[in-house]
Structures are given as structure tokens and as C-alpha cells.
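Enquirer: I have a structure I would like to understand better, so I am pasting it below and will then ask my questions one at a time.
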Amino acid sequence: MTTLSALTNPASYHLLSYGTLLGSTLFQSFIGGIIAFRVLPRPQFSVLQQHTFPTYFTLQSIAPVVLALTYPGGRGGFTAIYEGEGNKLVIGLFATMFVTAVANWVWLGPATTRCMQERKHQETRDGKKPYDAGPHSVEMERLNKKFSALHGASSLLNLCTFIAVVWYGFVLGERV
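The sequence shown maps to residues 1 to 176 in UniProt numbering.
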């Protein structure tokens, strides 16, 4: 295959999309986010995450669609996925990637951000940061629990996305 024909081959875009999804998920989840949490003051870390996550979750939501549209084999795209024997796994992995990312993008991410903003307002009323040693007001305790649940659910979905992406990497590797 020549370089020029590779530009029109959907499989090339499939690999680039997969690499982008794996790399961005790995970096944001296990490298960049952790380093930022360790080195930035908490308010700056929160601002960074509020601005990073919408783009990150958008990318995570779009990439599985691109993967499905460029799926290599047969006629390519969705048709190739449904034609192959045993491709229920591929469909399941793409669906997992997509659903978990969209849930973070449209529901958990914004809900977590709103909760953080509510905690900031409560911090002003209480004169105490939500992560300072207790005791806290009843309202701050409620908001802290809500934030922990939202953040935990978002992290769990992100982990599910990551596992599905890595698993698909092994499936894809079988085809190479």
C-alpha cells in the first residue's frame, strides 16, 4: 500500500482514532490528572479539571463512533462489525466506550461541576473549605458526600472506558 492510498483507507483512521483514545485516556486518568492534583493548589486544580473534562469526555464519546465507522474488514464500518463471527464482543466494547463516556460528558461531569460550585458557595458561608478538617456544617457534609459519590461514579465509568479501550486493543491486535 502506498502512502497516498493509506490516506483513503479507513483502517488508517481506525488505528489513529484508537491510538488517540487510548493515549488520551491513559494520560488523563493515570498521569496528567494525578500530577496536576499533586502539584497544583486545589482551587487551580479544580479550574483545570472543569475546563479539561468537557473536551476529554467529548473526545472519549466521539472516538468510539469513529472506530465503528472505520472498523476494518469486509466493506468496513458498521457492516464489517455485524458481518464478522464473534463481533458481538467488538460491538459490546464500542458500546461500553461510548455509553460510559457520554454519561460522563452529559451527566456526571456537569453534575460534579455544579456540586463543586455549590461547595464553593457553602465554603463562603461557612468560612471553611470543604477539604479542611471538620467539623463541617450539615450542608457542607451533604455536599461533600454528594461530591464524593459523583466523583466516584465518574471515576468508575472512566475506568470502565479505559478497560474497554485496552480490551479492544487486544482484539485489534489479533487482527494484525
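Glycine residues also receive a C-beta, built at the ideal position from the N, C-alpha and C atoms.
1) If you drop the 5 nearest sequence neighbours on each side, which residues of the same chain put their C-beta closer than 6 Å to that of residue 168?
2) Using the three-state DSSP reduction, which class does residue 129 fall into: helix, strand or coil?
3) Please state whether DSSP places residue 136 in a helix, a strand or coil.
4) Could you tell me which of 163, 172 and 114 sits nearest to residue 148, measuring between CA atoms?
5) Would you be able to state if there are at least three C-beta pairs under 8 Å between the region 7-17 and the region 151-170?
6) What's the gap between the Cα of residue 231 and the Cα of residue 100?
7) Closer than 8 Å by C-beta to residue 143: which residues in its own chain qualify, once you throw out the five before and the five after it? Chain order, please.
8) Would the beta-carbon of residue 21 fall within 7 Å of that of residue 63?
9) Sorted by chain position, which residues of the same chain lie with C-beta nearer than 6 Å to residue 146's C-beta, five sequence neighbours on each side aside?
10) Locate the alpha helix (DSSP H) running through residue 55, then write down its first and last residues.
11) So, residue 108 versus residue 153, is the Cβ gap smaller than 7 Å?
12) Using three-state DSSP, classify residue 10 as helix, strand or coil.
13) So is residue 25 buried or exposed if we call it buried at 16+ other beta carbons inside 10 Å?
14) Just to confirm, is the Cβ distance from residue 150 to residue 111 under 7 Å?
15) What first and last residue would you give for the alpha helix (DSSP H) that runs through residue 89?
16) What is the DSSP secondary structure of residue 72, counted as helix, strand or coil?
17) Would you tell me roughly how many angstroms separate the C-alpha atoms of residue 170 and residue 125, rounded to the nearest one?
18) With 16 other CB atoms within 10 Å as the buried threshold, where does residue 67 fall?
19) Decide if residue 164 is buried, meaning its Cβ has at least 16 other Cβ atoms within 10 Å, or exposed.
Expert: Concretely, from the data shown:
1) 93
2) coil
3) coil
4) 114
5) no
6) In the structure as shown, the chain starts at 1 and stops at 176, and residue 231 therefore has no counterpart that could be examined.
7) 115, 118, 119, 122 and 130
8) yes
9) 115
10) 42-69
11) yes
12) helix
13) buried
14) yes
15) 88-103
16) coil
17) 52 Å
18) buried
19) buried
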